[in-house]
Amino acid sequence: MDTSTTMMSTLESLFESETTIGDYDYSEETGMCRKSWVREFRGHYEPPLFWIIFILGAVGNMMVVWIYKTVRNRLKTMTDVYLLNLAVADLLFLCTLPFWAVDATKGWHFGLPLCKIVSAVYKINFFSSMLLLTCISIDRYIAIVQVTKAQNLKKKRLFYSKLACLGVWLFSTLMALPEFIFAQVKTDGNLSNCVLVYWEDTFNRTKILVLSLQICMGFCFPLLIMFSCYSVIIRNLLQAKNFEKHKALRVIFAVVFVFILSQLPHNALLIMEAVQAANTTITDCDTVTRFDIAGQVAKSLAFTHACLNPFLYVFIGVRFRQDLFKIIKGCAGGLGKSGISKPPVQSRPSAIRRNRRKVLQAVHARLQEVKSTVYIEETVCFHYLLGVVGNQLDCGRLSPQTFFRSD
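Take the sequence shown: its letter number 119 is residue 545 in the working numbering, and every next letter is one higher.
1) Since I believe LYS633 is in contact with VAL621 (beta carbons under 8 Å), could you give me their beta-carbon distance rounded to a whole number of angstroms?
2) Hey, out of ALA513, THR599 and TRP595, whose CA is closest to ALA546's CA?
3) With distances taken from CA atoms, which of LEU617, CYS642, GLY615 and LEU603 is nearest TYR624?
4) Out of curiosity, what's the CA-to-CA distance linking ASN578 and ILE607?
5) Note the first and the last residue of the continuous beta strand (DSSP E) segment covering THR503.
6) Where does THR522 land, buried or exposed, given buried means 16+ other C-beta within 10 angstroms?
7) If you measure from the beta carbon of ALA546 to each beta carbon in chain B, is any gap under 9 Å?
8) Just to confirm the assignment, what range does the beta strand (DSSP E) spanning GLN610 have?
9) Mind checking whether CYS733 and LEU558 have CB atoms under 9 Å apart?
10) Express the C-alpha separation of PHE683 and ALA728 in angstroms, rounding to a whole number.
11) In terms of residue numbering, what span does the alpha helix (DSSP H) encompassing LEU584 cover?
12) The alpha helix (DSSP H) that contains LEU727, what's its start and end?
13) What separation, rounded to the nearest whole angstrom, lies between the Cα atoms of LYS549 and ILE570?
14) Please report the distance separating the alpha-carbon of HIS470 from that of CYS655.
15) Could you check whether LYS542 and ALA609 sit closer than 9 Å to each other, using their CB atoms as the reference points?
16) How would you label GLU699, buried or exposed, when you count the other beta carbons within 10 angstroms and need 16 or more for buried?
17) Should the segment 638-649 be called in touch with the segment 685-696, which here means at least 3 C-beta pairs below 8 Å?
18) Under the assumption that ASP749 contacts VAL594 (Cβ atoms under 8 Å), give the Cβ distance between them as a whole number of angstroms.
19) In three-state terms, what does DSSP make of CYS521?
20) Rounded to the nearest angstrom, what separates PRO584 and VAL507 at their Cα positions?
21) Return the chain-ordered list of same chain residues with a C-beta closer than 6 Å to the C-beta of TYR494, the five sequence neighbours on each side being excluded.
22) Name the DSSP bridge partner or partners of CYS620?
23) Given a cut-off of 9 Å on the beta-carbon distance, is the pair MET504 and CYS561 in contact?
So this is what it looks like as structure tokens:
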């Protein structure tokens, strides 16, 4: 009787309903399984990785916000609204990484309120990022596949996008309530950790319910929508024999690939943890340790989305590259100034006049050449050559009226 009771107590303590913010238990000792090696492994690789993600992500996402607020001045499209909110969500998440970097080596010394806040911010970013990426896929589907509907809703799409972002933030905050409720600071020996301590109920129902909701709403549901939208988009782009549209396929494949690469391992292990909480099938200490280590690696891989998003969803776009180069040129021009110099705006009209004269000379020269060999109307020939020469001289910024305006 005593032996049976001891074995049951050992199994219960081995798989108690306690996890870290990443949903994996790496306390110093759990039942008969010592976790000091897991703690040591985590303390060696997580801090430098988290600081790298923090630096790269902060620079990239702050650049996104800066471009929207200084270069563009206002949000013009639905995608602009989603990308700006995505950058803000990533910045909020990045603010939590220094806390987890310190926690990995020295334990949690920031108190219970900050433990709950930091834990909740992580989940808010997790849900908001996935849902915002889903909104982007829906927006691309409407813009590419449902062209007529996109034109009809052109005036209201910006309002709808802001309304959708408000819904995303509210829903993400609601889904992060378990972190506010269950996050606790637990002391194990001389080391304190910020962990999730679920209610002790029959068959771990609370833990299973929370993990199931997070997996379904944070991964499976967005993934299903993204695959549906992008599969239709790819099919339509393949049917449209247009080179420029086919180039967009690379962006779509990159979006889906990075989404799966960063989130699939983490969510697969969450599914295994939910199954384990329901069945309590793993009893070998080595297996438990390997599972914890795999969970830490998968969690860190999922964190990388915060620094990859600016490059995949923003800087891969032509407009943002142009805006970024404009900022760099402006900064370089400001550093290169010495003494008193004329403002650059004063030299712009003369440059335009010189370019206009070159264009007119080239147009008239080519016009005479073509007219001598091909008998067509002078007006038709002039308009044709105007487009050709304009493209050759890269004068797309000048309006047709500019060529005929007097100096």
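Glycine is no exception: its CB is placed at the ideal position from the N, C-alpha and C atoms.
Values in this document were obtained by computation on a predicted structure and should not be read as measured data.
With the structure as the only source:
1) With 8 Å as the limit, VAL621 and LYS633 do not qualify as a contact, their Cβ atoms being about 12 Å apart.
2) THR599
3) If we check each option's Cα against that of TYR624, LEU603 comes out closest.
4) 45 Å
5) THR503 -> no beta strand (DSSP E), and no H or E assigned at all.
6) buried
7) Among the protein chains of the structure shown there is no chain B, as only one such chain exists.
8) 609-614
9) No, these two residues do not count as a Cβ contact at 9 Å.
10) In a straight line, the C-alpha of ALA728 is about 13 Å away from that of PHE683.
11) 580-601
12) 711-729
13) 32 Å
14) The straight-line gap from Cα to Cα measures roughly 41 Å.
15) Yes, Cβ-Cβ distance for ALA609 and LYS542 is below 9 Å.
16) buried
17) yes
18) Going by Cβ atoms, the distance from ASP749 to VAL594 rounds to 25 Å, so no, they are not a contact pair.
19) coil
20) It should be noted that the sequence gives Leu, not Pro, for residue 584. Roughly 8 Å between the two C-alpha positions.
21) LEU510
22) VAL611
23) yes
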